[in-house]
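Q: Protein chains in written order, with numbering that gives the first Met the number 0: chain A, 0 to 238; chain B, 0 to 238; chain C, 0 to 238; chain D, 0 to 238; chain E, 0 to 238; chain F, 0 to 238.
The beta-carbon is built from N, C-alpha and C at its ideal position, and this holds for glycine as well.
I have a structure here, written as structure tokens, and I will follow up with some questions on it.
Protein chains: 6
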Amino acid sequence: MSMNLAEKTWPQIEEYLKSSKHIIVPVGSTEQHGPTGLIGIDFLSAWEIAKVVGEKTNTLVAPPLCFGMAVHHMAFPGTITLSPLTYVQVVTEIIQSLAKNGFRKFTFINGHGGNIAPLTTAFCQAQQNDENYDIKLFNWWHLPEVTAYESKNFGNENGFHATCGEISVTMFTHPDAYKNVPKMDFKPTPERPHWPMSPKEFRLTFSDGRMGSNPALCSEEHGKMLFNLAVDSICQKLE
Amino acid sequence: MSMNLAEKTWPQIEEYLKSSKHIIVPVGSTEQHGPTGLIGIDFLSAWEIAKVVGEKTNTLVAPPLCFGMAVHHMAFPGTITLSPLTYVQVVTEIIQSLAKNGFRKFTFINGHGGNIAPLTTAFCQAQQNDENYDIKLFNWWHLPEVTAYESKNFGNENGFHATCGEISVTMFTHPDAYKNVPKMDFKPTPERPHWPMSPKEFRLTFSDGRMGSNPALCSEEHGKMLFNLAVDSICQKLE
Amino acid sequence: MSMNLAEKTWPQIEEYLKSSKHIIVPVGSTEQHGPTGLIGIDFLSAWEIAKVVGEKTNTLVAPPLCFGMAVHHMAFPGTITLSPLTYVQVVTEIIQSLAKNGFRKFTFINGHGGNIAPLTTAFCQAQQNDENYDIKLFNWWHLPEVTAYESKNFGNENGFHATCGEISVTMFTHPDAYKNVPKMDFKPTPERPHWPMSPKEFRLTFSDGRMGSNPALCSEEHGKMLFNLAVDSICQKLE
Amino acid sequence: MSMNLAEKTWPQIEEYLKSSKHIIVPVGSTEQHGPTGLIGIDFLSAWEIAKVVGEKTNTLVAPPLCFGMAVHHMAFPGTITLSPLTYVQVVTEIIQSLAKNGFRKFTFINGHGGNIAPLTTAFCQAQQNDENYDIKLFNWWHLPEVTAYESKNFGNENGFHATCGEISVTMFTHPDAYKNVPKMDFKPTPERPHWPMSPKEFRLTFSDGRMGSNPALCSEEHGKMLFNLAVDSICQKLE
Amino acid sequence: MSMNLAEKTWPQIEEYLKSSKHIIVPVGSTEQHGPTGLIGIDFLSAWEIAKVVGEKTNTLVAPPLCFGMAVHHMAFPGTITLSPLTYVQVVTEIIQSLAKNGFRKFTFINGHGGNIAPLTTAFCQAQQNDENYDIKLFNWWHLPEVTAYESKNFGNENGFHATCGEISVTMFTHPDAYKNVPKMDFKPTPERPHWPMSPKEFRLTFSDGRMGSNPALCSEEHGKMLFNLAVDSICQKLE
Amino acid sequence: MSMNLAEKTWPQIEEYLKSSKHIIVPVGSTEQHGPTGLIGIDFLSAWEIAKVVGEKTNTLVAPPLCFGMAVHHMAFPGTITLSPLTYVQVVTEIIQSLAKNGFRKFTFINGHGGNIAPLTTAFCQAQQNDENYDIKLFNWWHLPEVTAYESKNFGNENGFHATCGEISVTMFTHPDAYKNVPKMDFKPTPERPHWPMSPKEFRLTFSDGRMGSNPALCSEEHGKMLFNLAVDSICQKLE
């Protein structure tokens with residue numbers, strides 16, 4: 000049964016809060032993912048994983064925050080970013096809103112590396128007036144089961160952005176969207192000279208948006224495996 | 000064909016921008032909608048309408064901003080609000096991000112009355128350094144075709160919040176979510192003494208969250224009619 | 000008797016608060032009003048109307064907030080704007096200051112269309128910590144008695160900015176200031192292509208600052224009628 | 000002839016800017032001034048002085064900023080304060096607005112001690128992107144001619160807040176407002192233990208709002224002398 | 000020779016910038032470090048390491064930012080924190096100031112775990128307008144040479160806060176300060192239930208401020224070894 | 000004995016707070032001080048004076064805030080500034096942090112003129128929610144004993160920035176740093192045309208960074224005298 004907060008009524012939430020203070024918050028980004036990856040990969044993957052984790056663990060799932068901290072991708076069309084400070088503020092207010100009516104345990108399922116620092120910053124910001132929350136952050140692509148699979152199947156060609164793993168996962172969750180994406184060969188990309196990079200420098204260095212990945216290795220089948228590994232791993236950690 | 004920005008690659012957006020600078024941005028809220036309305040009504044309705052409008056007019060559709068300005072609903076569990084100032088900032092940054100890579104025409108499809116003032120404020124904020132954008136705001140429930148239908152079918156019982164119209168629309172778009180919602184009778188609510196109201200006072204006045212609506216009149220059929228009226232009306236105005 | 004807060008002592012306010020929690024706050028803008036309208040029209044009109052309403056209803060009147068949200072007029076000399084976000088903050092703090100010492104009912108008398116959205120945003124911002132205020136907003140030129148008069152006397156030539164109505168009102172309240180303003184003929188202006196507009200685009204489109212108005216129709220006599228209609232209408236609604 | 004910006008048209012300002020880049024900005028506060036002083040003393044005095052200085056020096060005068068930094072007076076009804084940070088931001092934006100269309104020289108005429116620090120802070124904030132303005136601040140009660148007069152006529156009983164000087168000036172400029180103010184005797188107040196003080200502590204220490212002043216010494220005649228001294232002194236310094 | 004920016008003149012910096020755009024910025028925190036650790040450990044260690052690294056690599060060293068993001072330690076006297084958002088802003092402005100006059104390469108030497116997320120957030124904030132900086136962050140206690148030494152000598156008893164490593168380093172750099180600190184035995188602390196924690200909950204859980212460390216193992220000798228390992232490791236990575 | 004907060008443990012602070020609520024906070028700036036003055040003069044002098052005052056009066060001394068409001072010096076390399084608004088916020092948070100755990104009396108020892116306005120602004124900001132603190136500000140170069148000495152020994156050639164006094168003080172406290180600074184002759188500088196000045200205009204006007212000073216008059220001996228005068232004067236006022 001769907002555990003989406005958005006598809007419940009408030010009396011259903013009131014009832015839920017009698018036995019659980021826990022909510023899952025999916026967060027991602029809207030940003031370029033190389034010449035063949037979807038712009039929405041980061042929130043689509045987090046959102047799809049979160050929905051299944053919610054159902055399996057009987058935990059409510061908040062609507063996704065589709066916009067993230069994507070400053071360094073801003074030289075590619077279609078990217079939307081919140082400034083780092085605004086992103087911290089938004090996440091802080093989402094936590095505080097949910098806390099105001101009784102939630103105390105927050106599991107963030109995150110699909111974007113650039114969000115990690117501002118998310119962590121927001122978790123501190125949200126607690127500075129002695130609110131006491133139990134906040135966990137799962138970056139799904141960092142889960143050990145996921146990295147082991149990627150390492151075995153993609154090796155170094157998994158890359159750092161527009162990775163084989165995340166593209167594969169959305170091939171599994173959004174197969175139709177990939178039907179219009181042309182197949183292509185990929186040349187290796189340079190190493191990143193330092194991090195973070197400015198938008199302009201990022202595009203100068205990584206001209207098609209990939210960082211080290213070879214998306215030719217992606218497949219819906221890999222995506223299904225990775226998706227399930229991520230779901231199972233988070234479910235297990237939540238119990 | 001889906002026109003969701005999230006399901007495109009950046010080269011597809013680059014291509015799109017050669018012939019159009021136009022993007023649709025659906026915005027809503029995550030807030031109580033009375034004892035039988037979904038918490039996500041405002042962004043779900045905006046998002047579903049936006050997707051069809053995008054397909055029919057061949058216009059890109061940004062991911063939805065699921066969180067809005069819902070301060071006055073904060074005494075009901077499940078509600079999430081951004082502070083008014085933060086909401087203005089977020090919308091400003093979404094516009095500026097899209098503009099940075101070439102978009103110049105923005106059609107906001109909005110599902111929440113409380114967003115209108117901060118959205119309009121953000122449109123000014125986004126232009127204060129002489130950026131020149133063509134920004135339109137459609138509050139779908141204010142479209143004349145929609146209000147005429149509601150007036151005829153629900154009369155005064157359409158109400159001001161958790162309206163028959165918006166509940167019906169999501170009965171049409173999300174029928175499964177309503178299967179677990181009990182049928183009930185509704186008593187009239189008081190008039191609102193003034194506006195806006197504080198969270199506590201709102202709940203004291205409107206104890207089940209409705210403002211004047213009689214959701215017993217809602218139906219999937221009405222929802223289908225209203226949905227199509229909204230879509231057609233916006234499509235027409237965009238041409 | 001003058002009901003200006005500024006011309007009272009604090010013990011007089013303490014006394015007043017024993018029987019009333021109500022204060023009128025006049026707000027406007029300092030911005031161009033076409034080739035023949037005063038830059039201060041928006042706050043001068045709100046301030047003059049507020050003073051008389053205060054006297055007639057025995058209600059205190061705060062000093063005017065002379066600066067408003069006038070971003071789109073910034074390409075004309077003499078215009079002063081607060082950024083939309085700052086304006087929201089200022090209005091929020093004015094409400095909170097007055098509330099701290101006992102006021103609970105706020106009547107804003109507004110002379111500028113561009114203020115409506117940020118004012119409404121501020122009213123929500125001011126209540127987000129469960130303060131409970133009764134806030135009313137009167138945009139004097141929107142009062143039905145006023146629009147009926149304007150429609151009858153100026154028709155379409157009343158316009159949208161630097162309107163016949165607001166210029167006439169200040170001809171009545173500030174006749175001396177108009178003595179140095181030359182008479183002139185006016186050509187129709189273009190329609191506005193969209194709204195809001197950036198400063199530069201506004202001036203490119205509306206080169207002398209008017210939006211659709213024909214100030215040749217203005218007169219002190221019209222101003223007197225409109226002023227009294229506005230005062231009477233607000234007084235009546237406050238009772 | 001009135002030099003009020005608010006009572007000019009934009010073409011008149013455009014003309015003015017051809018020969019002068021100079022504008023006077025009157026700033027004050029809305030705050031308690033003891034049991035017999037007007038709440039508006041600080042902006043009323045600055046505004047009245049500024050208008051005459053403007054006329055005598057043929058310099059434009061902006062509308063008054065009626066609200067100031069009055070945190071420490073917030074335990075007395077009728078006081079309105081902007082937070083210090085907001086006040087800095089507002090003053091910064093007023094300067095930047097006027098500068099955008101050509102003003103380069105700003106003379107602030109200030110009626111409130113609490114504004115001095117945030118005004119000075121704002122002057123730096125306004126120049127941080129290499130804008131180059133000539134900004135002068137006149138705190139009228141600090142002018143040597145004024146302090147000499149006060150010292151001679153009121154001695155130590157001039158006080159630090161709700162001073163004999165500022166009350167006298169507004170007795171001269173606003174005689175009607177003082178007609179309803181009862182005469183009374185005043186006891187000496189304690190010394191201030193430190194500065195600044197919190198609102199609560201201020202009222203505990205200075206129970207009627209005065210700091211060291213004996214308003215029984217005030218008179219319209221003193222006010223006239225002081226008003227003229229302030230006007231002449233500023234005019235002289237501006238030449 | 001000292002490479003402290005603070006002990007140079009501006010012509011010396013102008014000269015330096017002809018051959019290097021690189022500056023080291025030491026950052027830490029002022030916060031409790033258990034019953035026997037100095038409150039200044041985090042910035043003192045970063046500052047002392049930075050000075051020697053600067054001398055060895057001939058790189059300028061900015062003054063230390065002594066205040067960090069220490070929200071969770073705020074229930075212990077002597078702790079000073081910047082809010083997370085303010086900390087991000089401060090670091091952003093330090094980078095932008097140095098960049099304005101020619102620095103392009105920034106090496107942050109950090110002594111506090113709580114700073115990592117807001118520092119990383121600030122690095123993105125500083126680059127959002129396409130500034131292109133090479134920014135590196137060294138958390139000295141995370142350097143592999145340091146963790147290897149700590150693991151070998153302190154094992155699990157190194158802990159997570161008020162660690163044996165950081166106390167030892169400051170025993171070496173500030174031996175006098177430790178003369179008045181009593182020797183004591185330490186009981187194991189509980190595991191941390193989640194992270195981050197609120198101030199109150201932190202103190203309830205970790206009543207003397209330590210997280211898992213046994214400071215009885217600390218010594219000036221260990222400190223000397225660790226200090227040199229950190230310095231050498233950073234120097235090597237900078238070349 | 001050192002009274003540096005940074006070199007204490009939290010139980011030592013807890014003990015201290017039983018008998019005193021007083022802490023000294025040294026603040027300065029990192030900015031150009033002419034061709035022969037150290038960039039760190041403002042915080043180095045405040046910090047060195049504060050340490051000795053702390054020892055002599057048995058008062059705790061917080062770590063120095065090394066960065067100040069130095070906007071107008073930003074055209075000289077090596078200068079670091081916080082924006083005025085950020086500086087106000089930082090000082091506010093330092094006060095609030097210390098107050099949270101019991102400090103109530105704050106003595107700021109300041110080494111930079113540009114800090115005075117934002118410091119004073121921050122003192123008000125920190126008290127706006129009715130916190131009641133005893134805050135004192137000592138600008139050491141403004142102490143009467145110091146100005147008398149400077150006036151007698153340097154006369155008009157003390158100047159307004161990079162003064163003989165402050166350079167001399169740091170010659171005394173940091174003699175090694177001056178060993179590499181060449182001796183030179185100095186020409187008089189122009190008068191300042193207005194204040195504050197923008198960075199660019201400051202450098203155009205004061206090309207080597209001095210404002211009216213003749214650093215050839217500086218000496219370690221003068222520095223020793225001034226340092227002791229400042230320390231003694233503050234100690235006396237604190238008792």
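For residue 97/B, count neighbouring Cβ atoms within 10 angstroms of its own Cβ and tell me buried if that reaches 16, exposed if not.
A: Numbered from 1 along the second sequence, position 98 holds the residue referred to as residue 97/B. The residue is buried, with at least 16 neighbouring Cβ atoms inside 10 Å.
Q: Below 8 Å between beta carbons: does that hold for residue 204/D and residue 196/D?
A: Walking along the fourth sequence from the start, residue 204/D turns up at place 205. Walking along the fourth sequence from the start, residue 196/D turns up at place 197. Yes, Cβ-Cβ distance for residue 204/D and residue 196/D is below 8 Å.
Q: Relative to the alpha-carbon of residue 108/C, which residue among 58/C, 37/C, 199/C, 19/C has its alpha-carbon at the smallest distance?
A: Here residue 108/C is taken as the residue at index 109 of the third sequence, counted from 1. Among 58/C, 37/C, 199/C, 19/C, the Cα nearest to that of residue 108/C is on 58/C.
Q: Check whether the Cβ of residue 171/C sits closer than 7 Å to any heavy atom of the ligand GDP, and report yes or no.
A: This structure lacks the ligand GDP, and indeed carries no ligand of any kind.
Q: Which residues of chain F have a Cβ atom closer than 7 Å to the Cβ of residue 127/D, listed in chain order?
A: What you label residue 127/D is simply residue 128 of the fourth sequence in a count that begins at 1. Here the neighbours are 70, 82.
Q: For residue 188/D, which of helix, strand or coil comes out of DSSP?
A: Residue numbering aside, residue 188/D sits at position 189 when the fourth sequence is read from its first letter. Residue 188/D falls in the coil class under three-state DSSP.
Q: Is it buried or exposed, residue 215/F, if we count other Cβ atoms within 10 angstroms and call 16 or more buried?
A: Taking the sixth sequence and counting its residues from 1, one reaches residue 215/F at position 216. With fewer than 16 other Cβ atoms within 10 Å, it is exposed.
Q: Alpha carbon to alpha carbon, what distance is there between residue 136/B and residue 117/A?
A: Here residue 117/A refers to the residue found at position 118 of the first sequence. Here residue 136/B refers to the residue found at position 137 of the second sequence. If you take the alpha carbons of residue 117/A and residue 136/B, they lie about 31 Å apart.
Q: I need the DSSP call for residue 170/B, collapsed to helix, strand or coil.
A: Here the question's residue 170/B lines up with position 171 in the second sequence. The answer is helix: DSSP assigns residue 170/B an H, G or I state.
Q: Which residue marks the beginning of the alpha helix (DSSP H) containing residue 26/B, and which one marks its end?
A: Sequence index remark: in the second sequence, residue 26/B carries index 27 (1-based). Unbroken run through residue 26/B is the beta strand (DSSP E), 21–26; no alpha helix (DSSP H).
Q: So the beta strand (DSSP E) residue 48/E belongs to, where does it begin and stop?
A: Start at 1 with the first residue of the fifth sequence, and residue 48/E comes out as number 49. Looking at the DSSP string, residue 48/E is not in any beta strand (DSSP E); the run it does join, the alpha helix (DSSP H), is 40–56.
Q: Let me see if you follow: with CB-CB separation under 8 Å, is residue 210/E close to chain F or not?
A: Indexing the fifth sequence from 1 puts residue 210/E at position 211. No - not a single Cβ of chain F is within 8 Å of the one on residue 210/E.
Q: Starting from the beta carbon of residue 88/C, find every residue of chain D whose beta carbon is closer than 8 Å, and list them in chain order.
A: Here residue 88/C corresponds to residue number 89 of the third sequence, with the count starting at 1. Going along chain D in sequence order, the residues near residue 88/C (Cβ under 8 Å) are 85, 88.
Q: Does the separation of the CB atoms of residue 41/E and residue 54/E fall below 8 Å?
A: Mapped onto the fifth sequence, residue 41/E falls at position 42. Mapped onto the fifth sequence, residue 54/E falls at position 55. For residue 41/E and residue 54/E, no; Cβs fall outside 8 Å.
Q: Ordered along the chain, which non-local residues of its own chain (more than five positions away) have a Cβ less than 7 Å from that of residue 217/D?
A: Residue mapping note: residue 217/D aligns to position 218 of the fourth sequence, counting from 1. Cβ within range, chain order: 163, 166, 167, 170.
Q: For my contact list, residue 105/C and residue 132/C are in at a C-beta cut-off of 8 Å; report their separation, rounded to the angstrom.
A: Counting from 1 along the third sequence, the entry for residue 105/C is found at position 106. Counting from 1 along the third sequence, the entry for residue 132/C is found at position 133. Indeed they touch by this definition, with Cβ atoms about 6 Å apart.
Q: Whole-angstrom Cβ separation of residue 70/C and residue 127/B, contact assumed at under 8 Å?
A: Within the third sequence, residue 70/C is the residue found at index 71, counting from 1. Within the second sequence, residue 127/B is the residue found at index 128, counting from 1. Yes, they are in contact, since the Cβ atoms of residue 70/C and residue 127/B sit about 5 Å apart, within 8 Å.
Q: Please work out which residues of its chain come closer than 6 Å, Cβ to Cβ, to residue 232/B, disregarding the five sequence neighbours upstream and downstream, and give them in chain order.
A: To locate residue 232/B, count along the second sequence from 1; it is residue 233. If we look at residue 232/B and ignore the five residues flanking it on each side, its Cβ neighbours are 142, 144.
Q: What is the DSSP secondary structure of residue 240/A, reduced to helix, strand or coil?
A: Missing from the structure shown is residue 240/A; chain A here goes from 0 to 238 and no further.
Q: Does the count of Cβ pairs from the region 62–69 of chain E and the region 6–14 of chain E closer than 8 Å reach three?
A: These segments do not touch.
Q: Taking C-beta to C-beta, are residue 202/E and residue 160/E nearer than 8 Å?
A: Here residue 202/E corresponds to residue number 203 of the fifth sequence, with the count starting at 1. Here residue 160/E corresponds to residue number 161 of the fifth sequence, with the count starting at 1. No.
Q: Tell me the rounded alpha-carbon separation between residue 86/C and residue 177/F.
A: Reading the third sequence from its first residue, position 87 is the one you call residue 86/C. Reading the sixth sequence from its first residue, position 178 is the one you call residue 177/F. Roughly 50 Å between the two C-alpha positions.
Q: Identify the continuous alpha helix (DSSP H) that holds residue 119/F and give its terminal residues.
A: By one-based count along the sixth sequence, residue 119/F stands at place 120. Note, residue 119/F: alpha helix (DSSP H), 115–125.
Q: Output yes or no for whether 8 Å exceeds the beta carbon distance between residue 101/C and residue 27/C.
A: If you number the third sequence from 1, residue 101/C lands on position 102. If you number the third sequence from 1, residue 27/C lands on position 28. Cβ atoms of residue 101/C and residue 27/C: not closer than 8 Å.
Q: Going along chain E, which residues have a C-beta under 7 Å from residue 122/A?
A: Position 123 of the first sequence, counted from the start, is the residue given in the question as residue 122/A. Chain E residues near residue 122/A: 195.
Q: Please state whether DSSP places residue 37/C in a helix, a strand or coil.
A: Locating residue 37/C in the third sequence gives position 38, where the first residue counts as 1. Three-state result, residue 37/C: coil.
Q: So, is residue 67/B buried or exposed, given that buried needs 16 or more other C-beta atoms within 10 angstroms?
A: Here residue 67/B is taken as the residue at index 68 of the second sequence, counted from 1. So residue 67/B ends up on the buried side.
Q: In terms of residue numbering, what span does the beta strand (DSSP E) encompassing residue 135/E cover?
A: For the purposes of this step, residue 135/E is taken as residue 136 along the fifth sequence, with counting starting at 1. 133–138 is the extent of the beta strand (DSSP E) around residue 135/E.
Q: To be precise: take each residue of the region 172–201 of chain B, compare its Cβ to all Cβ atoms of chain C, and keep it if any distance is under 9 Å. Which residues remain?
A: For the region 172–201 of chain B, which is checked against every Cβ of chain C, the residues closer than 9 Å are 192, 193, 194, 195, 196, 197, 198, 199, 200.
Q: State yes or no: is the C-beta of residue 84/B within less than 8 Å of the C-beta of residue 77/A?
A: Walking along the second sequence from the start, residue 84/B turns up at place 85. Walking along the first sequence from the start, residue 77/A turns up at place 78. Cβ atoms of residue 84/B and residue 77/A: not closer than 8 Å.
Q: So for residue 100/E, helix, strand or coil by DSSP?
A: Translated into the one-based positions of the fifth sequence, residue 100/E becomes position 101. Here residue 100/E sits in coil by DSSP.
Q: Apart from the five residues on each side of it in sequence, which residues of its chain come closer than 8 Å, Cβ to Cβ, to residue 238/A?
A: Here residue 238/A refers to the residue found at position 239 of the first sequence. So the list reads 56, once near-sequence residues are dropped.
Q: Quick one: grab the DSSP three-state call for residue 67/E.
A: Residue 67/E sits at position 68 when you count from the first residue of the fifth sequence. Note: residue 67/E maps to strand in three-state DSSP.
Q: Taking the Cβ atom as the reference point for each residue, do residue 181/B and residue 219/B lie within a distance shorter than 8 Å?
A: Position 182 of the second sequence, counted from the start, is the residue given in the question as residue 181/B. Position 220 of the second sequence, counted from the start, is the residue given in the question as residue 219/B. No, Cβ-Cβ distance for residue 181/B and residue 219/B is not below 8 Å.
Q: Using the Cβ count rule (16 or more neighbours within 10 Å means buried), how would you classify residue 50/F?
A: Position 51 of the sixth sequence, counted from the first residue, corresponds to residue 50/F. Under this definition residue 50/F is a buried residue.
Q: So which residues on chain B does residue 243/A lean against when the C-beta distance must stay under 9 Å?
A: As shown, chain A starts at 0 and ends at 238. That puts residue 243/A outside it, with no answer to give.
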